[in-house]
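Peer 1:
Protein chains: 2
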Amino acid sequence: MKNIGDTLRELRESKGLLLREVGAELSLDPTLLSKIERNDRMPTKEQVNALSEFYEDKKNEVVIAWLSDKLVYEVQDEDLGLIAMKVAEKKIEYLKTQKS
Amino acid sequence: MKNIGDTLRELRESKGLLLREVGAELSLDPTLLSKIERNDRMPTKEQVNALSEFYEDKKNEVVIAWLSDKLVYEVQDEDLGLIAMKVAEKKIEYLKTQKS
DNA sequence: CTATATTAGCCAAATATTGTCAAGTCAAAA
DNA sequence: TTTTGACTTGACAATATTTGGCTAATATAG
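Chains as they are written, first to last, in this note's numbering: chain A, -18 to 81; chain B, -18 to 81.
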């Protein structure tokens, strides 16, 4: 249940890699990656995809941290945020039954 | 568990009001309101506030429909959407304990 | 047919997000 | 103490997205 920045930073450090090394690998400006890891910037979907591929063993963890951060951001300081979240869950579950 | 457009349309029609009447009341272009009611445009927070005040007895219903729609939109066609939603819920619950 | 309500398409303006660079901090090495 | 390397910060330009509202098209009722 970590945020996307902490998740990425811990993954990178656990491999002993530098910002510029990961950046070079993914053609991502190291200063931008720095901001992402400090939750100063939200990575784009493409960046998350690249990062999750890069840390392949933790692919889902990265994507989930990112998506859930975006959701939290969407309802931050809304009184009805949590209730809306539960309603949204039901809507998604309903949409899933429709598709299949 | 309706979407924001259907919610607003039903509220307006239940009162027998026209797009231009509600629009005039809220200084909202009727063609824009039309789009909102058909889920073609997402209303802004300000517009939702105005609309929920206007339909005062259903204030929360409007806001929740809007917020939950935005959340669904955020994770639409993401395989991990539902899981991320549950994680986001926990994050919000956690943040709430922090504030108080 | 006429009048009124709603919808559709379009595009400019407003807003928000992104990427990049130069300058800054900080810690450890030399 | 100076230098070096890793990272951070702030500012700004470039892009992308969202928004408002006009005009024209379509429907619906009388």
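Glycine residues also receive a C-beta, built at the ideal position from the N, C-alpha and C atoms. Being a predicted model, the structure only gives us computed values, none of them experimental.
Ignore the nearest five residues each way along the sequence and tell me which others in Thr(-12) (chain A)'s own chain have a CB closer than 7 Å to its CB.
Peer 2: Here the set comprises Glu42, Val43 and Ala46.
Peer 1: Which chain A residues sit within Cβ distance under 7 Å of Met(-18) (chain B)?
Peer 2: Going along chain A in sequence order, the residues near Met(-18) (chain B) (Cβ under 7 Å) are Val68, Lys71 and Lys72.
Peer 1: Rounding to the nearest angstrom, what Cα-Cα distance links Leu(-1) (chain A) and Val68 (chain B) in this structure?
Peer 2: C-alpha separation (whole angstroms): 29 Å.
Peer 1: I need the straight-line Cα distance from Ser33 (chain A) to Val3 (chain B), nearest angstrom please.
Peer 2: Spanning the two alpha carbons is a distance of roughly 47 Å.
Peer 1: Is Ser15 (chain B) closer than 8 Å to Lys72 (chain A) when the C-beta atoms are compared?
Peer 2: For Lys72 (chain A) and Ser15 (chain B), no; Cβs fall outside 8 Å.
Peer 1: Please identify the residue among B:Glu(-9), B:Arg22 and B:Lys(-17) whose C-alpha is closest to the C-alpha of Leu13 (chain B).
Peer 2: Taking only the C-alpha atoms, the option nearest Leu13 (chain B) is B:Arg22.
Peer 1: Considering only C-alpha positions, which residue in the set B:Ala31, B:Ile17 and B:Val53 is nearest to Met(-18) (chain B)?
Peer 2: Out of B:Ala31, B:Ile17 and B:Val53, B:Val53 has the C-alpha closest to the C-alpha of Met(-18) (chain B).
Peer 1: Does Gly62 (chain B) have its Cβ less than 8 Å from a Cβ in chain A?
Peer 2: Cβ-Cβ to chain A under 8 Å: yes for Gly62 (chain B).
Peer 1: What would DSSP say about Tyr75 (chain B), mapped onto helix, strand or coil?
Peer 2: In the structure shown, Tyr75 (chain B) sits in a helix (DSSP, three-state: H, G or I).
Peer 1: Should Met41 (chain B) be flagged as near chain A, meaning a C-beta pair shorter than 8 Å?
Peer 2: First, the amino acid is wrong: residue 41 (chain B) is Asn here, not Met. Yes, Asn41 (chain B) counts as interfacial toward chain A.
Peer 1: Check the Cβ of Ser49 (chain A) against every Cβ in chain B and list those closer than 7 Å, keeping chain order.
Peer 2: Going along chain B in sequence order, the residues near Ser49 (chain A) (Cβ under 7 Å) are Ala65, Val68, Ala69 and Lys72.
Peer 1: Sorted by chain position, which residues of the same chain lie with C-beta nearer than 6 Å to Ile(-15) (chain A)'s C-beta, five sequence neighbours on each side aside?
Peer 2: Ala46, Trp47 and Asp50.
Peer 1: So which residues of chain B does Ile45 (chain A) contact, with C-beta pairs closer than 8 Å?
Peer 2: Ordered by position in chain B, the residues that pass the 8 Å Cβ test against Ile45 (chain A) are Leu61, Ile64, Ala65 and Val68.
Peer 1: Quick check on Val56 (chain A) - is its C-beta less than 8 Å from some C-beta in chain B?
Peer 2: Yes, its Cβ sits closer than 8 Å to a Cβ of chain B.
Peer 1: List the endpoints of the continuous alpha helix (DSSP H) containing Gln28 (chain A).
Peer 2: Segment Lys26 to Phe35, the alpha helix (DSSP H) holding Gln28 (chain A).
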